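To keep things clear, I will list the structure first and then write my remarks on it.
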Ligand code: GRF
């Protein structure tokens with residue numbers, strides 16, 4: 144059973160999706176720790192409801208990224224974390240941290256990477272006029288939203304969509320594919336080798352690696 148650390152900054156709905164699937168027995172992992180960089184993150188209360196230990200690791204004034212990440216790393220190791228899920232964690236991790244945790248950090252991004260990395264991906268998608276967007280779970284490397292892709296789900300972008308509507312449609316798929324990707328890694332079916340995601344061929348009961356959700 145892999146010990147999971149989940150890093151959040153806000154509402155924590157992806158964290159809840161993962162914790163629900165762990166509770167259901169669908170992920171071979173146990174939640175070891177939830178860390179937030181913000182004491183006011185609503186996700187912290189939700190983690191308490193699952194009886195998962197939580198920590199606030201707030202940046203100190205003038206603290207460098209490397210020093211912050213050292214404190215984060217210490218906390219994660221103290222709780223025996225083996226696999227990290229970034230779930231709306233709004234800090235960029237230092238190359239030193241990523242190096243130390245290489246192949247053991249996952250992230251979800253609300254766009255079909257490599258399109259629309261960085262901030263406000265749903266807004267970027269609407270501005271670009273794409274007709275399909277979605278979400279991506281990937282291994283984290285030192286680039287922003289650039290690591291090897293594990294799973295993606297696509298959704299239509301409707302003429303009438305505003306940012307909130309598109310974000311909600313994408314979020315529904317995030318909650319579906321993030322737990323699936325965590326299980327792929329926790330179970331050893333997916334591995335990170337030299338910057339690539341190596342995924343064992345799927346048996347008939349395995350979920351597909353990409354999903355398109357057609358317009359209703
Ligand atoms: C999600 O859209 C996720 O893809 C992005 O930040 C948002 C976090 O939402 N990285 P939540 O905190 O999981 O509800």
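Numbering (my numbering), first residue to last: 144 to 359.
Built from N, CA and C at the ideal position, the CB exists for glycine as well.
A quick note: this is a predicted structure, and the numbers were derived from the prediction, not measured.
Nearest-angstrom Cβ-Cβ length linking residue 329 and residue 226, presumed shorter than 8 Å: 6 Å
N- and C-terminal bounds of the alpha helix (DSSP H) containing residue 213: 208–221
Three-pair Cβ contact test at 8 Å for the stretch 188–206 versus the stretch 162–178: yes
At least three beta-carbon pairs within less than 8 Å, the stretch 304–321 to the stretch 149–162: yes
Endpoints, the alpha helix (DSSP H) within which residue 256 is located: Taken as a continuous stretch (DSSP letters only), residue 256 belongs to no alpha helix (DSSP H), as it is neither H nor E.
Neighbour-count burial assignment, residue 212, 16 or more Cβ in a 10 Å radius: buried
Strand pairing of residue 334, partner residues [DSSP]: 341
For residue 232 and residue 152, believed in contact at Cβ under 8 Å, the rounded distance: 5 Å
Assigned secondary structure, residue 166 (DSSP; H/G/I helix, E/B strand, else coil): helix
Under 5 Å, CB to nearest heavy atom of the ligand GRF: contacting residues: 153, 154, 155, 156, 157, 230, 231, 251 and 253
Closest residue to residue 306 among 253, 258 and 218 (Cα-Cα distance): 253
Three-state class that DSSP yields for residue 322 in the structure shown: helix
Residue interval of the alpha helix (DSSP H) (run including residue 238): 238–243
Residues near residue 340 by beta carbon distance below 8 Å, same chain, minus five either side: 281, 282, 291, 292, 293, 333 and 334
Residues near residue 287 by beta carbon distance below 8 Å, same chain, minus five either side: 235, 260 and 261
Residue from 170, 166 and 247 whose Cα sits closest to the Cα of residue 150: 247
Outcome for residue 184 when other beta-carbon atoms lying within 10 angstroms are tallied against a minimum of 16: buried
Residue 229 versus residue 309 - alpha carbon distance: 21 Å
Unbroken beta strand (DSSP E) run spanning residue 146, endpoints: 145–151
Rounded straight-line distance, which links the Cα of residue 165 to that of residue 323: 11 Å
Proximity of residue 170 and residue 326 at Cβ, strictly below 8 Å: yes
Exposure of residue 274, with buried meaning 16 or more beta-carbon neighbours within 10 Å: exposed
Check whether residue 276 and residue 313 have beta carbons under 8 Å apart: yes
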